[in-house]
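Report on one structure; see the data block that follows.
Numbering (UniProt numbering), first residue to last: 1 to 198.
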């Protein structure tokens, strides 16, 4: 992604990616209780990208994939390729760390989100080896709690980590980021799972 990074840590990269993705056209719909929410939701779009680790020991973000307007009023999706083509590095040398995308409002990860990152973990592995140690592959959904469409603040994100089964909600507060475990994904077999709420 032009003008993004590179970053020495994935946390710095996440903090930079959030406002960039939420600042895209129709990336947020505001609060469900806000004025014009239904119209904003119908017009909203999802954007997604890979955050990956390079042989230069840096974190980079792929180009964004943008979802089309969806016929189903309940769904927002974007088609993210399974791999990144970065001509600076040999094929197979990148470490896949996070699937990043936006949610137009503060709602939990979808069934499609969970299944997609599990498929990616099967392809790329559940962890990535970095200079700072092992980092678990996960999917992240950024959201804003504001009704502002112009410069929506990055208020938080949901995260699912296949390696641990944790389903997390992160919120930005006055003292930094707060982490809440909202549940665990327990796979019953190869296709079925249940979410056990905390």
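Beta carbons are placed, not taken as given, at the ideal position from N, Cα and C, and that holds for glycine.
Neighbourhood of residue i by C-beta distance below 6 Å, restricted to the same chain and skipping five residues each side
i           : result
residue 100 : 17, 49, 51 and 140
residue 197 : 183
residue 80  : 48 and 65
Spatial distance of residue i from residue j (CA atoms)
i           : j           : result
residue 42  : residue 131 : 43 Å
residue 170 : residue 176 : 10 Å
residue 77  : residue 181 : 25 Å
residue 142 : residue 33  : 19 Å
residue 37  : residue 26  : 12 Å
residue 112 : residue 90  : 30 Å
residue 28  : residue 135 : 29 Å
Where residue i sits in the DSSP three-state scheme
i           : result
residue 29  : coil
residue 97  : strand
residue 121 : helix
residue 14  : helix
residue 4   : coil
Of the residues the options, the one placed nearest residue i, counting alpha carbons only
i           : options              : result
residue 87  : 105, 102, 114 and 62 : 62
residue 154 : 107, 145 and 165     : 145
residue 158 : 179, 20, 12 and 116  : 179
Cβ-heavy atom distance, residue i to the ligand HEM, below 6 Å
i          : result
residue 89 : Ligands in the displayed structure: none, and consequently the ligand HEM is not present.
Any chain C beta carbon closer than 7 Å to residue i
i           : result
residue 194 : Given the protein chain composition of this structure (a single chain), no chain C is represented.
Paired residues, beta bridge with residue i - DSSP
i           : result
residue 168 : 159 and 181
residue 199 : In the structure displayed, the chain extends from 1 to 198; residue 199 sits before or after that span and is not available.
residue 102 : 142
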